[in-house]
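2 protein chains.
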Amino acid sequence: LQEDRIDEFRAEFLEMHPYDQAKIFEEQTEETRQQIYTYLSPEEIADVMEHIEFEDIELYFSEMDPRFAAQVLADISTDDAVDILNELDINKVASFLTIMDKESAAEIKELLHYEEKTAGSIMTTEYVVIRAEETVRQAMLHLRTEAPDAETIYYIYVVDEEKRLVGVISLRDLIIAEDDWLISEVMSDRVLSVSVGDDQEEVARMMRDYDFLAMPVVDFKQHMLGIITVDDVMDVMEEEASDDYSKLAGVSDVDNRDDTAFASAKKRLPWLVILLFLGLMTASLISRFEDTLNEVAILAIFIPLIAGMAGNTGTQALAVAVRSIATGEHGKGGLAKLVAREAGTGLINGVICGIIITGIVYFWQGDIFLGILVGISILSTLIVATLAGATVPLVMHKFNIDPAVASGPFITTINDIISILIYFGVATAFLNLHLLITS
Amino acid sequence: LQEDRIDEFRAEFLEMHPYDQAKIFEEQTEETRQQIYTYLSPEEIADVMEHIEFEDIELYFSEMDPRFAAQVLADISTDDAVDILNELDINKVASFLTIMDKESAAEIKELLHYEEKTAGSIMTTEYVVIRAEETVRQAMLHLRTEAPDAETIYYIYVVDEEKRLVGVISLRDLIIAEDDWLISEVMSDRVLSVSVGDDQEEVARMMRDYDFLAMPVVDFKQHMLGIITVDDVMDVMEEEASDDYSKLAGVSDVDNRDDTAFASAKKRLPWLVILLFLGLMTASLISRFEDTLNEVAILAIFIPLIAGMAGNTGTQALAVAVRSIATGEHGKGGLAKLVAREAGTGLINGVICGIIITGIVYFWQGDIFLGILVGISILSTLIVATLAGATVPLVMHKFNIDPAVASGPFITTINDIISILIYFGVATAFLNLHLLITS
Chain B
1 LQEDRIDEFR AEFLEMHPYD QAKIFEEQTE ETRQQIYTYL SPEEIADVME
51 HIEFEDIELY FSEMDPRFAA QVLADISTDD AVDILNELDI NKVASFLTIM
101 DKESAAEIKE LLHYEEKTAG SIMTTEYVVI RAEETVRQAM LHLRTEAPDA
151 ETIYYIYVVD EEKRLVGVIS LRDLIIAEDD WLISEVMSDR VLSVSVGDDQ
201 EEVARMMRDY DFLAMPVVDF KQHMLGIITV DDVMDVMEEE ASDDYSKLAG
251 VSDVDNRDDT AFASAKKRLP WLVILLFLGL MTASLISRFE DTLNEVAILA
301 IFIPLIAGMA GNTGTQALAV AVRSIATGEH GKGGLAKLVA REAGTGLING
351 VICGIIITGI VYFWQGDIFL GILVGISILS TLIVATLAGA TVPLVMHKFN
401 IDPAVASGPF ITTINDIISI LIYFGVATAF LNLHLLITS
Chain W
440 LQEDRIDEFR AEFLEMHPYD QAKIFEEQTE ETRQQIYTYL SPEEIADVME
490 HIEFEDIELY FSEMDPRFAA QVLADISTDD AVDILNELDI NKVASFLTIM
540 DKESAAEIKE LLHYEEKTAG SIMTTEYVVI RAEETVRQAM LHLRTEAPDA
590 ETIYYIYVVD EEKRLVGVIS LRDLIIAEDD WLISEVMSDR VLSVSVGDDQ
640 EEVARMMRDY DFLAMPVVDF KQHMLGIITV DDVMDVMEEE ASDDYSKLAG
690 VSDVDNRDDT AFASAKKRLP WLVILLFLGL MTASLISRFE DTLNEVAILA
740 IFIPLIAGMA GNTGTQALAV AVRSIATGEH GKGGLAKLVA REAGTGLING
790 VICGIIITGI VYFWQGDIFL GILVGISILS TLIVATLAGA TVPLVMHKFN
840 IDPAVASGPF ITTINDIISI LIYFGVATAF LNLHLLITS
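As structure tokens, this is what we get:
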């Protein structure tokens, strides 16, 4: 495709799916990309850009001629155009919007208002609406003209004279219907919609539960503002899953295909440094029990076991809580029920693990009081750590604090500290009661 | 809806979306459910059953009259029917399949063959095919008749006389096309398909990347076997995200909305017991360094810090590796590149954290050698733990071992052990060199 065989290149390239076009495009040198910009129309480039990885998008738009770039943006479906603009420098966005044709610029500007992660931010304004008084034949004609531009034509939304959403009809039903029936007779007036400020996760959940391919977005007066299509929802699901996952792992961002060691270290370092300082707190805590330790050095050997169990059980509880927030299931039954359940879970697992460890330590070290000490510590630790893991993120969510702090490593370290306090507290009490044989 | 006002109940209930019907149905007592079975036709119940939670499905099918149940199953779309049958007792499945009409039973039996988590297991056989020689008009007529039964009519697949997949046309393109054009003129012959044995995650990835609403499934000779629709793919994405997440957290299954404390404890206990025993290994390891500990009790206070850092960095590396396996990105560049990157990441973070901790410990405890000891331990630990976290799951994946063992808590505990070996190893060496002041 190097030489000046433009026609051949175009024929071959345009035959491909835009996703494949984007993959090929990304592999080219800047020189070849410049050639491609001249070979293809803004509309054709727009298709490619919709499938480019976000990391590279800024580069491509900077190297295009600004007029060309503005036209590409105008040809991209509005929701994707907004996503791209969000990646660009604010000055560049302003300059693109001035060069662009007025209509597209207005549409994009409107969408740029909506807050990130809301229904408004992922919706598109390219959808098909009809009126209830039209006939099926008129609707089909309408569809034919709008089909090339609309994001989906498989749901047609019915609005009244004030653009309020009153019904929906699927293309499937439209095709089965007789030509001269009225839309009002065939449409469903039980149309589900989401509000423009709704959380994108909530939208994704609804579309998955109801198996919708698209969902209308309305304002608080039921005026239709846009639609959200299933392909955007799949991206949301992927993004949210990845977010939850990164949070549990304590990485700022887990998706780093081609990162260098340096970039990768940068993503993980912040947490590690925080944890280093939290770890120092643990160390200074233990140092307060130095007397106890000097007297019974054997106590030290169970520190990692107890801290580890606290960390693990806390992470388990955290994971369950975060997922139940993510899938919107935490509402049912409320916080009190959850706390009761987690306390119960901690108690059951604590009793079982406590009994096992008491037995093992007794047979291993021949000291029943040491066994009971470790057993009691495990029991108390498991109850407290389970509760902490589950309630911290839920309480934060309830008060609308972003539970970023509820990351796995953070909960783990908090539980480390709690468990060590419990362990040495119990041990000191035992020593004061002269129960432990000094080893 | 109690009384005998069947008509009113039917009118109200059938107006609702099947998902809402299912939610209401699940809240009823057995008595009311029995009434509902008599009020609704098997086909109407089938819609409800497609949206029921899997946990309850066995109960409902057991309480229905077997003939009725078999007919409900026959009316459910085949892919969902297979999912339901996979939940039921094998004898019950056999008896349902004998009562059912032959055609539906044959379709279901065929799908039951496919292994779980493959394309075959999530596909449906209710799709629309046409021949390339037909005209657009014929195709539309065809569509109208098949629309009520097909899982989707928005993609129509074109096959040759041997049922080999040769093309695809979207309903959108079909609507725009002139009535007397031939399908062969308007179809796209670059049709992407998946193989029946492909991993469902791979299918989900493709559909997300290409923004498809449905994807054809073929055998190794390109014969069309079924289609996979986007709603099933969303369920797959949710399921896989949940799997990865549970694995990182060390819970057998994280989705437990209405679990009792007992059920919840059962899901988490297996890991806790395994970890208890691994923790005992750590304890017995430290006990071998009892002499060192007796000499320098202060060493004990840094155990949780070092083990914690090892655990956290290992979990970070694990998370990145598991996600890159899940998103299929680990192929690029290969294992060697990844190992090099993770070693680099560990080194960079190790050096930074090591220097910080050396300084702090020196100022806190006034012992430069203790500072250096902890610093060196952190450095070595971070390198080794990062490498372990990243390579264990990748190596397992490479050898096609299910990386269930690569769970977060497991990696954490392994890294605990490694870090303690390093720490006490270095400490013992320092002691032999008489570098440490005994506190």
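Order-wise, the sequence lines are chains B and W.
Heads up, the first sequence is in the numbering used here, so the first residue is 1 and it goes up one at a time.
Heads up, the second sequence is in the numbering used here, so the first residue is 440 and it goes up one at a time.
Where is the CB? At the ideal position from N, CA and C, for every residue including glycine.
Predicted model, so just to flag it, every value in this text is computed and none were measured.
W:Met-720 vs W:Thr-820 beta-carbon contact at 8 Å
W:Thr-820 is positioned such that its CB atom lies no closer than 8 Å to that of W:Met-720.
Given that a residue counts as buried once 16 or more other Cβ atoms are within 10 Å of its Cβ, and exposed if not, what is B:Ser-377?
buried
Buried or exposed: W:Ile-912, going by 16 or more other Cβ atoms within 10 Å of its Cβ?
Not covered by the structure: residue 912 of chain W. The range shown for chain W is 440 to 878.
Buried or exposed by the 16-neighbour rule on C-beta atoms within 10 Å, applied to W:Ser-723
exposed
Checking contacts by CB at 8 Å: is B:Leu-313 closer than that to chain W?
Note that residue 313 of chain B corresponds to Thr in the displayed sequence, not to Leu. Yes, contact with chain W.
List the residues that DSSP assigns as beta-bridge partners of W:Tyr-801.
W:Tyr-801 pairs with nothing; no bridge assigned.
Does the distance from the CB of W:Ala-558 to the CB of W:Val-605 come in under 8 Å?
Going by C-beta atoms, W:Ala-558 is not nearer than 8 Å to W:Val-605.
Taking a cut of 7 Å between CB atoms, which residues from the region 642–660 of chain W lie near chain B?
Arg-647, Asp-648, Tyr-649, Asp-650, Leu-652
Below 8 Å, can you find three or more Cβ-Cβ pairs linking the region 176–183 of chain B to the region 206–216 of chain B?
no
Cβ-Cβ separation, B:Met-123 to B:Ile-57 (assumed contact under 8 Å), whole Å:
Not quite, the Cβ-Cβ distance comes to about 20 Å (not below 8 Å), so this is no contact.
Listed by chain order, chain B residues near W:Met-673 by CB distance under 9 Å
Ala-204, Met-207, Arg-208, Asp-211, Val-230, Val-233, Met-234, Met-237
Excluding the 5 residues flanking W:Asp-540 on each side, which residues of the same chain have their C-beta closer than 7 Å to its C-beta?
Ala-513
Does the distance from the C-beta atom of B:Val-395 to that of B:Ile-411 stay below 8 Å?
no
Kindly indicate which three-state DSSP category B:Pro-148 falls into: helix, strand or coil?
coil
Strictly by DSSP, which residues pair up with B:Gly-226?
B:Val-217
Interfacial residues, the region 550–563 of chain W to chain B, with Cβ spacing under 9 Å:
none
Nearest-angstrom Cα separation, counted from B:Leu-182 out to W:Asp-446:
26 Å
Which residues does DSSP pair with W:Ser-609 in a beta bridge?
W:Tyr-594
DSSP on B:Ile-108, reduced to helix/strand/coil?
helix
Are the region 294–309 of chain B and the region 795–815 of chain W in contact at 8 Å, needing three or more beta carbon pairs?
no
Between the alpha carbons of B:Lys-468 and B:Ile-52, how many angstroms are there, rounded?
For residue 468 of chain B there is no data in the structure shown, the boundaries of chain B being 1 and 439.
If we cut at 8 Å on Cβ distances, does B:Glu-201 have a partner in chain W?
no
What span of residues does the alpha helix (DSSP H) with W:Arg-603 cover, start to end?
Where W:Arg-603 is concerned, there is no enclosing alpha helix (DSSP H), given that its DSSP letter is neither H nor E.
Beta-carbon spacing of B:Val-230, B:Val-186 below 8 Å:
Going by C-beta atoms, B:Val-230 is not nearer than 8 Å to B:Val-186.
Along the region 300–325 of chain B, what residues have a CB closer than 9 Å to any CB found in chain D?
Going by chain labels, chain D is absent from the structure shown, which instead holds the protein chains B and W.
Neighbourhood of B:Ser-439 by C-beta, 7 Å cutoff - its chain only, sequence neighbours within 5 removed:
Residue confidence for B:Ser-439 is low, a pLDDT of 46 falling below 50, so the modelled location carries little weight; the figure read from the coordinates is stated next. Contacts found: Val-296, Ala-297, Ile-298.
Assuming W:Glu-483 and W:Leu-453 make a contact with CB atoms under 8 Å, what is their CB distance in whole Å?
A Cβ-Cβ separation of about 7 Å places W:Glu-483 in contact with W:Leu-453 under the 8 Å criterion.
Rounded Cβ spacing between W:Leu-487 and W:Gln-467 (contact assumed at less than 8 Å):
Correcting the residue identity first, residue 487 of chain W is Val in this sequence and not Leu. With a Cβ gap of about 11 Å, W:Val-487 and W:Gln-467 do not count as contacting.
Partner residues on chain B for W:Phe-701, Cβ-Cβ distance less than 9 Å
Gly-344, Thr-345, Ile-348
Please confirm if the region 698–711 of chain W is in contact with the region 337–356 of chain B, defined as three or more CB-CB distances below 8 Å between the two stretches.
yes
Output, in chain order, the set of chain W residues within a Cβ distance shorter than 8 Å of B:Ala-283.
Within 8 Å of the CB of B:Ala-283, the CB atoms of chain W belong to Ile-740, Phe-741, Pro-743, Leu-744, in sequence order along the chain.
Beta-carbon spacing of W:Gly-689, W:Leu-757 below 8 Å:
Their beta carbons are not under 8 Å apart, which means W:Gly-689 does not touch W:Leu-757 by this criterion.
Closer than 8 Å between beta carbons: that is the criterion. Which residues of the region 125–149 of chain B meet it against chain W?
Met-140, Leu-143, Arg-144, Ala-147, Pro-148
Test: W:Arg-780 CB closer than 8 Å to a CB of chain B:
Answer yes: the Cβ-Cβ gap between W:Arg-780 and chain B drops below 8 Å somewhere.
Among all the DSSP beta bridges, which residues are the ones paired with B:Arg-131?
B:Val-159
For the region 595–611 of chain W, list every residue whose C-beta sits within 7 Å of some C-beta in chain B, in sequence order.
Leu-610, Arg-611
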